Amino acid sequence: MAAATKEAAAEDLSNTFFAAHDAAKLPSDWSNKFEYVTAFDAIHDVAFPEEALQEVRRILKPGGLFSLVEIKGNSKISENVGNPFGPVMYSTSLLHCVPVSMHFKGKGLGTIWGKQSVCTMLQESGLRLLGVMDVPETIDNSTRVGRILQGLSTFNKFGTLEQTAVGCAAFIFISLFLLFVLDSCVKKWRNREEEPNHEAAGDTELELENIL
1 MAAATKEAAA EDLSNTFFAA HDAAKLPSDW SNKFEYVTAF DAIHDVAFPE EALQEVRRIL
61 KPGGLFSLVE IKGNSKISEN VGNPFGPVMY STSLLHCVPV SMHFKGKGLG TIWGKQSVCT
121 MLQESGLRLL GVMDVPETID NSTRVGRILQ GLSTFNKFGT LEQTAVGCAA FIFISLFLLF
181 VLDSCVKKWR NREEEPNHEA AGDTELELEN IL
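Residue numbers (the UniProt record's numbering): 1 to 212.
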């Protein structure tokens, strides 16, 4: 915070300030204060995402806008099989995102909670969904891979090169293992679904059409 404040002062940004607060319990005097609020790759990590989104609604001015950027994925695991970054994201979720939330007895959404669940939670929090769009994959994916590698480096920065190599190897092994488990589960689910439920599928398509 001190470094950010100092840099803002050096740039003469008089309308900028930095603060750290509980996302589920923001200052009471922030009600109807902001015209625009953003959250980048963060809501799935907080312990109480519903409360955090309700706070976003409270601090927005009437007619204010909220931009939420989250991991691209579907709420159903079976629909993420074709995502080449799926194993990495699920590994990151298992080793970081879920434990961070569950440590505070939170929701534990995980990295790929999926756009369907995102849309539902936004609307249940009293926010009106205006649209859903994709962040360009070349930017999104490279940023996330960079964060993962940076996380490994930070985790092992006090260790030896050998310890760092072991950490990377363990991360890759876990990713491959989760991919194998995911593939096995999907095959079992497909075998059980002998007859497609056309009525349920129609309901899902209608729901997504209304949301998006």
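Built from N, CA and C at the ideal position, the CB exists for glycine as well. No experiment lies behind these values; they were computed from the predicted model shown.
Item, Value
"When DSSP builds the beta bridges, which residues end up paired with alanine 47?", "The partner list for alanine 47 (beta bridge, DSSP) is empty, contrary to what the question assumes."
"With burial defined as no fewer than 16 other Cβ atoms inside 10 Å of the residue's Cβ, what is the status of glutamate 70: buried or exposed?", "buried"
"From this set, Phe18, Phe173, Met121, Gly131, which residue's C-alpha is nearest arginine 57's C-alpha?", "Met121"
"Once DSSP output is grouped into helix, strand and coil, what is the label at phenylalanine 85?", "coil"
"Quick one: give me the first and last residue of the beta strand (DSSP E) that alanine 20 is part of.", "First-last for alanine 20: undefined, no H or E at that position."
"Going by DSSP, what residues sit across from serine 67 in a beta bridge?", "Thr38"
"First and last residue of the alpha helix (DSSP H) that includes serine 101?", "98–102"
"Evaluate methionine 89 with the Cβ neighbour count: other Cβ atoms within 10 Å of its Cβ, from every protein chain shown; 16 or more gives buried, anything less gives exposed.", "buried"
"Who are lysine 25's beta bridge partners in DSSP?", "Asp22"
"Could you tell me whether the Cβ atoms of valine 46 and alanine 10 are closer together than 9 Å?", "no"
"Within 10 angstroms of the Cβ of glycine 159, are there 16 or more other Cβ atoms? Answer buried if so, exposed if not.", "Note that glycine 159 has pLDDT 42, beneath the 50 cutoff, so the model's placement of it is unreliable and the number below is only indicative. With fewer than 16 Cβ atoms within 10 Å of its Cβ, glycine 159 is classed as exposed."
"Classify serine 67 as buried or exposed, calling it buried when 16 or more other Cβ atoms lie within 10 Å of its own Cβ.", "exposed"
"Please name the residue, chosen from Val135, Gly114, Pro87, that lies closest to leucine 179 on a Cα-to-Cα basis.", "Pro87"
"Alpha helix (DSSP H) containing leucine 122: first to last residue?", "115–124"
"Going by other Cβ atoms of all chains shown within 10 Å of its Cβ, with 16 needed for buried, is serine 153 buried or exposed?", "Low local confidence applies: a pLDDT of 38 at serine 153 is under 50, so the model's placement there is unreliable, with the coordinate-based value given in what follows. Under this definition serine 153 is an exposed residue."
"Please confirm whether leucine 130 and glutamine 123 have their CB atoms less than 9 Å apart.", "no"
"Do you know how far the Cα of isoleucine 174 is from the Cα of proline 99?", "16 Å"
"Using only alpha-carbon positions, find the residue among Tyr36, Ser14, Ala2 that is nearest to alanine 20.", "Ala2"
"In whole angstroms, give me the CA-to-CA distance for arginine 192 and phenylalanine 48.", "35 Å"
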